[in-house]
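Worksheet: the structure to be examined is printed underneath.
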Amino acid sequence: MSFLAIVIFILSVLTALGVFGYKFYLKYSIGEMSADLEEARLAIQPEVIDELTRLDNRIISTKGLISKHHILTPLFKFLEVSTPKTVRFTDFQYTVTDKGIELSMRGEARGYATLALQADIFNKSQYFQDSIFSNLSLNEKGDVIFSFTTMLDPNLVSYSRGIETELK
Numbered sequence: 000m001s002f003l004a005i006v007i008f009i010l011s012v013l014t015a016l017g018v019f020g021y022k023f024y025l026k027y028s029i030g031e032m033s034a035d036l037e038e039a040r041l042a043i044q045p046e047v048i049d050e051l052t053r054l055d056n057r058i059i060s061t062k063g064l065i066s067k068h069h070i071l072t073p074l075f076k077f078l079e080v081s082t083p084k085t086v087r088f089t090d091f092q093y094t095v096t097d098k099g100i101e102l103s104m105r106g107e108a109r110g111y112a113t114l115a116l117q118a119d120i121f122n123k124s125q126y127f128q129d130s131i132f133s134n135l136s137l138n139e140k141g142d143v144i145f146s147f148t149t150m151l152d153p154n155l156v157s158y159s160r161g162i163e164t165e166l167k
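Residue 9 in numbering that gives the first Met the number 0 sits at position 10 of the sequence shown, with consecutive numbering throughout.
Here it is as structure tokens:
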């Protein structure tokens with residue numbers, strides 16, 4: 000039993016010395032890491048960080064503006080190719096609402112058949128939803144006067160989508 004006690008005692012002393020030595024190693028490592036951290040902190044210039052933060056905020060703000068910006072050129076191009084020559088629009092209103100983008104127009108058609116053709120074209124269009132022709136009447140020349148309202152597909156007038164399309 001005394002041999003076992005001596006072995007346990009020696010192991011305990013060696014373990015204590017190991018822990019004591021490890022403590023000094025950790026203090027040395029922490030000191031080196033603190034010096035490295037301070038060196039890195041000095042290398043990073045606060046002015047550069049502030050400038051990069053301001054630039055990031057401007058980029059985020061610009062992205063927000065671009066995502067909300069609309070261009071009407073694609074809408075006008077669509078109206079140009081999809082409107083029969085015997086139909087003309089006399090008033091154009093474009094409103095952004097909680098429901099989406101609402102388009103209101105007034106116009107004249109040479110007859111009800113032409114207006115029906117225009118309604119068919121708009122109803123088949125992927126860009127118009129919930130299209131309504133209303134306030135139909137005849138003017139003194141016999142042309143059909145009408146009002147038209149619809150909800151626009153936001154992709155048609157999206158500035159960012161227009162830029163993506165141009166880049167392709």
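Where a beta carbon is used, it is the ideal one built from N, C-alpha and C, also for glycine.
None of the values given here were measured: they were computed from a predicted structure.
Query: Of all the options S11, G106, P45 and P73, which has the alpha carbon lying nearest to the alpha carbon of L151?; Result: P73
Query: Assuming V80 contacts T113 (C-beta within less than 8 Å), just tell me the rounded distance between them.; Result: The pair is not a contact, with the Cβ atoms about 16 Å apart (cut-off 8 Å).
Query: Would you identify the three-state DSSP class for N56, choosing helix, strand or coil?; Result: helix
Query: Give me the Cα-Cα distance between E139 and N122, rounded to the nearest whole angstrom.; Result: 28 Å
Query: Within 10 angstroms of its Cβ, does L3 collect 16 or more other Cβ (buried), or is it exposed?; Result: exposed
Query: Residue range of the alpha helix (DSSP H) that G106 falls in?; Result: Unbroken run through G106 is the beta strand (DSSP E), I100 to A108; no alpha helix (DSSP H).
Query: If you drop the 5 nearest sequence neighbours on each side, which residues of the same chain put their C-beta closer than 6 Å to that of T148?; Result: S103 and I131
Query: Rounded to whole angstroms, what's the CA-CA distance from G63 to I43? Just pull it up for me.; Result: 30 Å
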